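Input: a single structure, listed below in structure tokens.
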Amino acid sequence: MESDKISRLLLRFSLPAIVGLLVNALYNIVDSIFVGRGVGDLALAGVTVCLPVVTIFIAFIMLIGMGATSLISIRLGEKGGSEAEKIVGNALVLFLILGISLTVIGLIFLEPVLTLFGASPDVMPYARDYMRIILIGSTFLALGTGMNNFIRASKLAVPGT
1 MESDKISRLL LRFSLPAIVG LLVNALYNIV DSIFVGRGVG DLALAGVTVC
51 LPVVTIFIAF IMLIGMGATS LISIRLGEKG GSEAEKIVGN ALVLFLILGI
101 SLTVIGLIFL EPVLTLFGAS PDVMPYARDY MRIILIGSTF LALGTGMNNF
151 IRASKLAVPG T
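For the sequence shown, the residue numbers in the numbering used here are 1 to 161.
The following block contains the structure:
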């Protein structure tokens with residue numbers, strides 16, 4: 001791996017990430033179809049109002065995850081495994097703090113946040129119900145999404161081709 005061309009490595013390691021993003025987008029599309037047809041237009045609008053909030057949360061997770069991954073990769077390249085492990089531990093603590101904080105703050109300020117993102121009084125009950133479920137699982141989302149970055153930094157990443 002250390003002697004391969006960067007363009008080839010980039011392609012090999014980016015294909016699984018691209019496929020993962022496409023599957024995630026497909027999940028959101030299928031979810032929208034089921035919610036729209038099964039519950040109705042207002043419920044679909046409620047899910048749509050929540051999407052930017054979730055996207056912002058994932059952006060904060062990726063901020064921590066990618067920053068930590070860069071440091072981990074540098075330390076592993078310098079053969080500083082114990083320092084890399086400390087960075088992983090610190091990042092995991094940050095993911096937990098972020099997830100728990102978002103859950104608590106999100107539940108306290110749920111309606112003002114949803115109103116800020118455009119939830120009308122008709123849509124609010126659906127958006128509130130959907131966002132509560134998302135917030136309850138946000139700590140697990142933070143850990144899972146954040147730790148994906150660590151796999152890429154380690155030598156455990158499996159190339160796509």
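The beta-carbon is built from N, C-alpha and C at its ideal position, and this holds for glycine as well. These numbers were taken from a predicted model, which means no experiment stands behind them.
Query, Result
"Cα-Cα separation, Asn24 to Val30", "10 Å"
"Nearest-angstrom Cα separation, counted from Gly46 out to Ile87", "38 Å"
"Where the alpha helix (DSSP H) through Ser120 begins and ends", "No alpha helix (DSSP H) holds Ser120; DSSP gives it neither H nor E."
"Coil, strand or helix - Glu83 by DSSP", "helix"
"Test item: CB-CB of Val49 and Gly118 under 8 Å", "yes"
"Residue ranges of each alpha helix (DSSP H) within the stretch 39 to 108, 4 or longer", "41 to 77 and 81 to 108"
"For Asp4, the three-state DSSP class (helix, strand or coil)", "coil"
"Reduced DSSP category for Gly137 - H, G, I as helix; E, B as strand; rest coil", "coil"
"Within 8 Å, strictly: CB atoms of Val53 and Val113", "yes"
"Counted within 10 angstroms of its Cβ, other Cβ atoms place Asn28 as buried (16 or more) or exposed", "exposed"
"Arg128 beta carbon less than 8 Å from that of Leu110", "yes"
"Three-pair Cβ contact test at 8 Å for the stretch 63 to 80 versus the stretch 99 to 109", "no"
"Own chain, CB closer than 7 Å to Gly146, minus 5 neighbours either side, in chain order", "Ile61, Ile64, Gly65, Ala91 and Phe95"
"Distance between Gly106 and Leu135 (C-alpha atoms, nearest Å)", "7 Å"
"Backbone CA spacing between Ala59 and Gly67 [nearest angstrom]", "12 Å"
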